[in-house]
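Residue numbering for the sequence shown follows numbering that gives the first Met the number 0, starting at 0 and increasing by one per position.
Here is the structure we will look at, set down as structure tokens.
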Amino acid sequence: MSERRSTWHARHKEGLSRGERAADVLRNGMGSWTFVGLFLAAMAAWAGYNTYVLAAAAWDPYPYILLNLFLSMLAGLQGAILLIAAKRQDAIAAAMARHDYETDVQSKSELDRLMAINSRQLEMLEELRAMLEPAVPQPGVLQPGVAQPGALREAEGGGS
């Protein structure tokens, strides 16, 4: 069984307080289509029950003042929860940016080291080329005292 490596994000999640976890759960719940659908269904049920089922004995008749009170309280709580969640998202984004920066700095130092090695290798290759140049004849370059292949044929007028 392989051991999973702990990432900075997993370590960050482990350090969350109970309130921060609750804010995340509520934010994820309130920011879903499921919540919107259930909310609309609850509003329709409230209105239908108080208007048609209870009719004359409705405990919150139209214009649904009690419902408006509940919705105002819900909006106030949602605003606070969403602000808490937004603060948490900012903290996560800052942690991600810091991690990315540290990774970039580490990568740059590695690339600089590799570029230095590459430059040194290129210098060594140039030195080797310079040392081998006089010993190895270049094709197409006439060197005094050295017979070139095909030179005899050309001298005799044979050509190719």
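The C-beta atom is built at its ideal place from N, Cα and C for all residues, glycine as well.
Asn49 and His98 have their C-alpha atoms spaced approximately 55 Å apart.
With respect to Ala22, Ile64 sits apart: the two C-beta atoms are not nearer than 8 Å.
For the alpha helix (DSSP H) assignment, the uninterrupted runs of no fewer than 4 residues enclosed by the stretch 28 to 77 are, from N- to C-terminal side, 32 to 47. Counting C-beta pairs with one atom in each stretch, the stretch 24 to 37 and the stretch 77 to 91 have three or more that are closer than 8 Å, which means they touch. When DSSP states are grouped into helix, strand and coil, Ser5 belongs to the coil group.
About 6 Å separates the beta carbon of Leu66 from that of Trp45, a gap short enough to meet the 8 Å contact definition. Between the C-alpha atoms of Gln120 and Tyr100 there is a straight-line separation of about 30 Å. Secondary structure of Leu82 (DSSP, three-state): helix. Cβ neighbours of Phe34 within its own chain (closer than 8 Å, five residues either side excluded): Gly28. Inclusion of Arg87 and Glu19 in the CB contact set at 8 Å is warranted, their separation being smaller than that value. Cβ neighbours of Gly47 within its own chain (closer than 7 Å, five residues either side excluded): none.
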